[in-house]
Amino acid sequence: MNYRLLSLFALTIIISACSSRPTGPVIPPPDSVSAISKWETSGRVGIRTKEDAVSGNFNWQKDPNTFALSIVGPFGQGATKLDQNQDGIVTLAYEDTVVTGNNPATLLQQELGWEFPVEQVTYWIRGLAAPNSPSRISQDPISKLPNTIQQDGWLITYNNFTEIDGLSLPQRMQVSNPPFRVNLIINQWTIQ
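Numbering (mature numbering (1 follows the signal peptide of the UniProt record, and there is no 0)), first residue to last: -19 to -1, 1 to 173.
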């Protein structure tokens, strides 16, 4: 066998090995935004309170029973992590402090002075009103996507949507209840 033929044979094996598909089960994408049961999103966040302004990168992983939200300031400074485990225990870690409780919004308010309705935001970040309280939604007349949601004293303004697995999800949004305001620029969505 000559050298060229042997090299071509080896290259073919390597390419076919790299292109093989995973053998595990394939999970079909959800058929609607409200059917998303598990998601991860990341991007940039800006938070303004009465006394403070914070900006950085965020990563938020959510499934039906747990979540993990981390916000990291510029150059990796000022990391804040908020998690909820299977038992409903919420942990807030920032600077050299770790506190636990059972309500993420209450922990953020008590410890950092941030008013951030975590439960509602898990819906708003997908372009949905939270199901447990009244809301007013204004929609774009053509796309039928929300322009704004007013709920629980908050105004959620959507500036841009992106398409993920055939579904329209927010890419730029603002959640405000003066003097509190959160701006999100979402760079990446992963949904199931």
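Ideal placement from N, C-alpha and C gives every residue a C-beta, glycine not left out. Quantities reported herein were computed from a predicted structural model and do not represent experimental measurements.
- Runs of the beta strand (DSSP E) spanning 3 or more residues and lying entirely within the segment 89 to 136 occur at 116 to 120, 127 to 132, in chain order.
- A direct Cα-Cα distance of roughly 8 angstroms separates residue 16 from residue 173.
- In its chain, beyond the 5 residues on either side, 50, 73, 85 have a beta carbon closer than 6 angstroms to the beta carbon of residue 63.
- Setting aside the 5 residues that flank it on each side, residue 138 is surrounded in the same chain by 129, 155, each with a C-beta closer than 6 angstroms to its C-beta; the list follows chain order.
- Residue 64: member of the beta strand (DSSP E) spanning 61 to 65, first to last residue.
- Going by DSSP, residue 78 is part of the beta strand (DSSP E) stretching over 78 to 82.
- Taking C-alpha positions only, residue 32 is separated from residue 12 by approximately 42 angstroms.
- For residue 117, the number of other beta carbons within 10 angstroms of its own is below 16, and it is reported as exposed.
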